[in-house]
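Following: one structure in structure tokens, then a few remarks.
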Amino acid sequence: MGDNAGPDRSSVEVKALLRKLDPKSGSSHKDRVRLLNRFRNYAEGGGRGGDVTTPEFYDDDLPLLLLGSQSPTALYDDELSSMHLYGLLQACGCASSHDSKDNHQLKRSARNAMNLLKFLVCDFVDKVKGRPVPLETDPRTGQKELNGFAHALCCCTATQLALMKAHLHVTGENDARGGARDDCCQVLVLLITRHLAENGETPQPLGIDKLLPTAAARKSFDTWLMQNASKATQKAVKRAKAETDGKKKKEKKKERTSPSKENKKASISLDDDDEDVDVLGAFGKKKKKEGGSPKGGQDRASAGASAKAQGKQPEERGLSPSQRKDGKAVGPGGAAEAGQPQPTKWADSTLADSKVDDLLHTGERERQQTAKEKRRLEEEKRRLATRDPLH
0 MGDNAGPDRS SVEVKALLRK LDPKSGSSHK DRVRLLNRFR NYAEGGGRGG DVTTPEFYDD
60 DLPLLLLGSQ SPTALYDDEL SSMHLYGLLQ ACGCASSHDS KDNHQLKRSA RNAMNLLKFL
120 VCDFVDKVKG RPVPLETDPR TGQKELNGFA HALCCCTATQ LALMKAHLHV TGENDARGGA
180 RDDCCQVLVL LITRHLAENG ETPQPLGIDK LLPTAAARKS FDTWLMQNAS KATQKAVKRA
240 KAETDGKKKK EKKKERTSPS KENKKASISL DDDDEDVDVL GAFGKKKKKE GGSPKGGQDR
300 ASAGASAKAQ GKQPEERGLS PSQRKDGKAV GPGGAAEAGQ PQPTKWADST LADSKVDDLL
360 HTGERERQQT AKEKRRLEEE KRRLATRDPL H
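Note that the sequence shown covers residues 0 to 390 in numbering that gives the first Met the number 0.
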């Protein structure tokens, strides 16, 4: 292979084409068509005489050819990073400046760009001294490997593929600026059946609705497929579509069954509330004192019932005899502290009252105990009511 067909020469040819694909670069329709044809002739190995050997391309130059300035190669190339370059996909979808219907027509050179794209991804074959280089078969899928141009195209995302505006090519068959329907449909078949994730290895079916956003374009493609594609190709497209639809159904089912972020947050909040609801419940779980009743909760309930039976008022509950004097609470020394607010005690709190009231219902069962048991329970109740539960 001569030096003129090496990858460095190929990089020069790619950049020369990209500099003129943008109509704003000052190129005319004839200039763009001439450069597109020149690049195809170069890729075929033409003009070198004798047995043809196709040129080599750097891997980075293939996405550059398709995407121009939107490719990673352009971002890291000092020469290209400051330039705005159209890729071949953008040239396929270049809108006509004469269109007054929201860019529903293409430039005439878009047809030629689609012709070149279809040749590179569907028809291009590497040759060495006139002999085709056979493509290997993928042992995992049983399919033949893609050539370099086709592989680069199938690794493009749906957003990048939208640059070629395939729907305008498919629906504009009889329009002077309608593009190249037949070539575009062959490119679509390749993308539907062989699309890959960006890693270049994992198969990633691509829905036809992402390539053809309009119903008219999808109908036109289906018509072309029935009239021009082989039975094997039709089955492959149908199988890829079924796989894509199945994947969408699984994703929707997963979305319905999996809780949303808001529901998860609400669930966590409820769980936290459940843990903190009975913050003071520990006050009812005191350890049994020596000599106390084995049924602490029932003893306290019985004490409450006994207190109610003896006609004591709620505010007197929990006060020892020395702390009650004529129905008034007195200080620790026995003398009333007149004119001064009395400190709040646990026995005087609303929580203590509600605690005793809740236990009255269960204490009714103990009212029939012996007089000796009642006295013992009364004494136990007094000790519990006057004790500070926080210590």
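Backbone N, C-alpha and C fix where the C-beta goes; we use that ideal spot for every residue, glycine too. Remember, it's a predicted structure, so these values are computed and weren't measured experimentally.
* Asked: Mind checking Y75: buried by the 16 CB within 10 Å criterion, or exposed?
  -> When all chains shown are included, Y75 counts as exposed.
* Asked: Considering only residues of the same chain and omitting the five flanking positions on each side of S80, which have a CB-CB separation below 8 Å?
  -> A73 and L74
* **Cβ separation of G178 and A109, assumed to be a contact under 8 Å, to the nearest whole Å** => 6 Å
* Asked: Looking at the structure shown, is P62 part of a helix, part of a strand, or coil, going by DSSP?
  -> helix
* Sequence ranges, alpha helix (DSSP H) only - wholly within the region 99 to 162, length at least 4 -> 107 to 117, 147 to 153 and 157 to 160
* Asked: CA-CA distance, E379 and E372?
  -> 11 Å
* Given a cut-off of 8 Å, decide if L66 and G92 are closer than it, judged by their beta-carbon atoms. => no
* Quick one: grab the DSSP three-state call for L167. => helix
* Asked: For P22, does the three-state DSSP call read helix, strand or coil?
  -> helix
* What is the DSSP secondary structure of P71, reduced to helix, strand or coil? -> Secondary structure at P71: helix, using DSSP grouped into helix, strand and coil.
* Close beta carbons around N146, own chain, < 6 Å, minus the five adjacent residues each side -> F123
* To do: Just the C-alpha distance for L20 and A90, rounded to the nearest angstrom, thanks.
  => C-alpha separation (whole angstroms): 6 Å.
* **Coil, strand or helix - P6 by DSSP** => helix
* If you draw a straight line from the alpha carbon of V127 to that of S10, how long is it in whole angstroms? -> 20 Å
* To do: Using 10 angstroms around the beta-carbon of D137, count the other beta-carbons present and answer buried if the total reaches 16, otherwise exposed.
  => Burial is judged here by how many other beta carbons sit within 10 angstroms of a residue's own beta carbon; D137 has fewer than 16 and is exposed.
* Asked: Which of helix, strand or coil does DSSP assign to L383?
  -> The three-state reading of DSSP puts L383 in helix, counting H, G and I together.
* Kindly identify the DSSP beta-bridge partner or partners of P202. => L195
* To do: Give the secondary structure of K294 by DSSP, where H, G and I count as helix, E and B as strand, and everything else as coil.
  => Because K294 sits at a pLDDT of 48, beneath the cut-off of 50, its placement in the model cannot be relied upon, and the point is left open.
* To do: Run the CB neighbour count on D77, radius 10 Å, all protein chains shown included, and call it buried at 16 or more, exposed below.
  => exposed
* **Bounding residues of the alpha helix (DSSP H) (the contiguous stretch that carries S219)** => A214 to N227
* To do: For V51, collect the residues of the same chain with a Cβ closer than 6 Å to its Cβ; drop the 5 residues on either side in sequence, then sort them by chain order.
  => G44, K126 and G129
* Tell me whether the beta-carbon of L152 lies closer than 8 Å to the beta-carbon of A42. => no
* From V132, L160 and H103, pick the residue whose C-alpha is nearest to that of P54; which is it? -> V132
* Which residues mark the beginning and the end of the alpha helix (DSSP H) in which A42 is found? -> H28 to A42
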